[in-house]
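Number of protein chains: 2
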Amino acid sequence: MREPDLSSAALIGIDWGSSSLRAFLIGGKGLVLATRTSTSGASTLKGEAAFEAALQEVAGDWTAARPALPILACGMVGSQHGWREVPYADCPIHVSELALRLAPPNGHGIRIVPGLLYAPQDMAPDVMRGEETQIAGALQANPALAEHACIVMPGTHSKWAGVQRGRIVAFATHMTGELYAVLRTHSVLGRLMAAPKEGSDVQAGSPAFRAGIDAARNRNAPGLTHQLFTARTLPLTGRMGGEESCDYLSGLLIGHEIEAGLAWRDSAGLTDAPLVLIGEPELCRRYRFALDCFGKRADPLLPNTAPAGLWSLAHKAGLLAGTESAT
Amino acid sequence: MREPDLSSAALIGIDWGSSSLRAFLIGGKGLVLATRTSTSGASTLKGEAAFEAALQEVAGDWTAARPALPILACGMVGSQHGWREVPYADCPIHVSELALRLAPPNGHGIRIVPGLLYAPQDMAPDVMRGEETQIAGALQANPALAEHACIVMPGTHSKWAGVQRGRIVAFATHMTGELYAVLRTHSVLGRLMAAPKEGSDVQAGSPAFRAGIDAARNRNAPGLTHQLFTARTLPLTGRMGGEESCDYLSGLLIGHEIEAGLAWRDSAGLTDAPLVLIGEPELCRRYRFALDCFGKRADPLLPNTAPAGLWSLAHKAGLLAGTESAT
């Protein structure tokens, strides 16, 4: 692998989630010069020294060569059990305002983007850490979305976020990915499921995935607590194979998320807002297929927009001033 | 403990579930003379010899003293991974007909009650093993219920069953108990939950339990996949304590089960059928409280009716003929 041109770097951006860390060396115009990943997620580390060592391991040569390079991180690194707790900013918030709310550098020069707290009256609060930066990146890359968008970020804890005139106006989390994982690994449902094939775990367009989505859309079916059990009874009674039941469970859970998410989009006054998917491409394709089943089109479909978001926020915060001329 | 009068016994009944086994020594008129429990559930045993040893351990002295005593078992002992697979009987079925469908005695003289398969057209199939016997016991103990009842059996896999004129006409399973357990033990939700106090794990009437039920009843809330995450955000933002969040999660899941169960009761044509709770008394009280919140009254509330069901089915099958005179 060719070494990146460190002299043209303007920022080290870090997307530091619970279970992994992605470090980006970013040029003055936002171009990602190099990406490195590590399994040193925030939930795997305890104490300042562990975070410091993880940063050193993933980007020590970058910081040694360019000690004045600003470092901006987002995600669970700013949580209670992260490197340093950064209070949530309140949603609704204009994405530009996030740049004014960066936590000042700690001893190692790291700034952290605050997560968001959404706590409207008479509703349980919701939180995000990291997705606000992905949203900032999406708006940076696709300015048209700033006007009006419903951004869906599938994952362990999927987020549905509404954007209007540059502001993140509301969001809702769904535990879909984690539900799938714990049910499959730790519940009776996993017993009849075949071991997943490497890299082809769940298939977006398979008949079983589609059957799960259709089941979720069936308004006569008695609820998710009941329907989950059908991921057992279908293979138990020979109506579905063990491999198919993985796809079926995935479709069932994603279908319930989308059913609820689309109703939420309406109630948030975003009925006509374009649906945008951001995240891991294979997972996004699965959601796009599922949305199609609901007669909804998701477009565009964006990969991880965290580096664009980190660059955009650093730029707005004036952190790139001293380095931009080097590009 | 006083030894039971073995000479008056007419039946050994066994409620043999996945994770435990309860053996009942039952007199000719259905009176339970002795009860023994064991952790040798069907899912913990592999192979004929293991089942034989478990039976010997729990009831070896009974069978030695009265080798001709009939033995009737129900539950997962008759499943694919049980002692011996007994095909499901089809639902709808009259409870008396279950007595005609007992699997004949195996080498150790054990008869097994078949489970039920409910597979109406255009719906995913549902199954039960053991609850059919509890229903038979409930109708035996409360003949008025045979006319018309909606029987709710809370547990790891809760069952809602409709009874009309002595027939089990429909049923639906909810994975409520297992969902609670896996989410609490294996998901991010458990991290902020305080360790449960022995014996007072979840409190039926607590404000947090009530809040969970109210959340489940809120038709504007975006679905269960979203609401589960509020069991994290409420303690995370200091709006709820770690112990309360256990009660809240329990209320949320039970509330969703009841919301769906009551709609199912209507769709099954059982709108006016009395609600009957059968099961572990503390869990039944929790469900009764939750049903109250929905403006529904559950009455009666019955303990384990498996021994009454086993006795009733053995009686109808003519198994007690040779022993009844001994009482």
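If you read the sequences in order, they're chains A and B.
Position one of the first sequence corresponds to residue 1 (my numbering), numbered consecutively onward.
Position one of the second sequence corresponds to residue 1 (my numbering), numbered consecutively onward.
All C-beta atoms in this analysis are idealised placements derived from N, C-alpha and C, irrespective of residue type, glycine included.
Fair warning: this is a prediction, and the values are worked out from it, not measured in the lab.
Best match in the options for proximity to residue i [C-alpha to C-alpha]
| i | options | result |
| --- | --- | --- |
| B/Ala172 | B/Ser206, B/Ala260, B/Pro104 | B/Ala260 |
| B/Leu335 | B/Trp62, B/Ser40, B/His157 | Past the boundaries of the shown model lies residue 335 of chain B; chain B is included only from 1 to 327, so the question cannot be answered. |
| A/Lys296 | A/Thr271, A/Gln80, A/Thr305 | A/Thr271 |
| A/Ala34 | A/Pro4, A/Arg288, A/Leu21 | A/Pro4 |
| A/Arg210 | A/Glu131, A/Ala146, A/Leu291 | A/Leu291 |
| A/Leu313 | A/Asp61, A/Ile112, A/Gly78 | A/Ile112 |
| B/Pro105 | B/Ser96, B/Tyr118, B/Leu117, B/Glu85 | B/Glu85 |
| B/Pro120 | A/Leu262, A/Ala221, A/Gly60 | A/Ala221 |
| A/Ile110 | A/Leu179, A/Val188, A/Val77 | A/Val77 |
| B/Trp264 | B/Gly27, B/Gly107, B/Ile151, B/Thr63 | B/Ile151 |
| A/Leu100 | A/Thr305, A/Asp90, A/Gly269 | A/Asp90 |
| B/Trp62 | B/Gly27, B/Gly47, B/Pro235, B/Trp83 | B/Gly27 |
| A/Gly177 | A/Leu236, A/Asn142, A/Cys246 | A/Cys246 |
Residues bridged to residue i [DSSP beta-bridge criterion]
| i | result |
| --- | --- |
| A/Tyr118 | A/Asp126 |
| A/Phe171 | A/Ala161 |
| B/Trp16 | B/Leu21 |
| A/Cys150 | A/Gly162, A/Leu275 |
| A/Asp90 | A/Leu117 |
| A/Ala298 | A/Leu275 |
| A/Leu72 | A/Gly13, A/Arg111 |
Where residue i meets chain B, residues with beta-carbon distance less than 7 Å
| i | result |
| --- | --- |
| A/Glu178 | Ser187, Val188 |
| A/Thr173 | His226, Phe229 |
Backbone secondary structure at residue i - three-state DSSP
| i | result |
| --- | --- |
| A/Ser250 | helix |
| B/Ser206 | coil |
| A/Leu33 | strand |
| A/Ser7 | helix |
| B/Arg66 | coil |
| B/Arg286 | helix |
| B/Gly27 | strand |
| B/Leu55 | helix |
| A/Ser38 | strand |
| A/Ala326 | Unreliable placement is indicated for A/Ala326, whose pLDDT of 37 sits below 50; no coordinate value is reported for it. |
| A/Trp103 | Reading off the sequence shown, one finds Ala at residue 103 of chain A, where the question assumed Trp. Three-state result, A/Ala103: strand. |
| B/Glu259 | helix |
| B/Pro222 | coil |
| A/Arg84 | coil |
| B/Gly242 | helix |
| A/Leu313 | helix |
| A/Leu319 | coil |
| B/Ser187 | coil |
| B/Pro281 | helix |
| B/Leu270 | coil |
| A/Pro303 | coil |
| B/Thr237 | coil |
Closer than 8 Å at the beta carbon, the chain B residues around residue i
| i | result |
| --- | --- |
| A/His256 | Gly223, Leu224, Thr225 |
Short Cβ contact (9 Å threshold) for residue i with residue j
| i | j | result |
| --- | --- | --- |
| B/Ala42 | B/Ser18 | yes |
| A/Pro307 | A/Gly30 | yes |
| A/Leu25 | A/Leu11 | yes |
| A/Trp16 | A/Gly137 | no |
| A/Glu257 | B/Gly223 | yes |
| A/Met175 | B/Leu228 | yes |
| A/Gly115 | A/Met128 | yes |
| A/Ile14 | A/Leu6 | no |
| B/Ser40 | B/Val58 | yes |
| B/Phe294 | B/Leu262 | yes |
| A/Ala149 | A/Gly162 | yes |
| A/Ser187 | B/Val182 | yes |
| A/Leu179 | A/Glu132 | no |
| A/Ser38 | A/Ala23 | yes |
| A/Leu117 | B/Thr237 | yes |
| A/Leu189 | A/Arg232 | yes |
| A/Ala208 | A/Tyr248 | yes |
| A/Glu280 | A/Pro154 | yes |
| B/Leu302 | B/Ala141 | yes |
Within chain B, partners of residue i - CB distance below 9 Å
| i | result |
| --- | --- |
| A/Pro125 | Thr230, Thr233, Leu234, Leu236, Thr237, Arg239 |
| A/Leu117 | Thr233, Thr237 |
Chain A residues whose Cβ lies nearer than 9 Å to that of residue i
| i | result |
| --- | --- |
| B/Ala215 | Ala124 |
| B/Leu145 | Going along chain A, no residue has its Cβ under 9 Å from B/Leu145, so there is no contact; the nearest lies around 22 Å. |
| B/Leu98 | Simply none; closest approach about 19 Å. |
Chain A residues whose Cβ lies nearer than 7 Å to that of residue i
| i | result |
| --- | --- |
| B/Ala260 | Pro222, Gly223, Thr225, His226 |
| B/Ala263 | Pro222 |
| B/Ser267 | Asn220 |
| B/His157 | Phe229 |
Contacts of residue i in chain A (Cβ-Cβ under 8 Å)
| i | result |
| --- | --- |
| B/Val182 | Val182, Leu183, His186, Ser187 |
| B/Leu253 | Thr225 |
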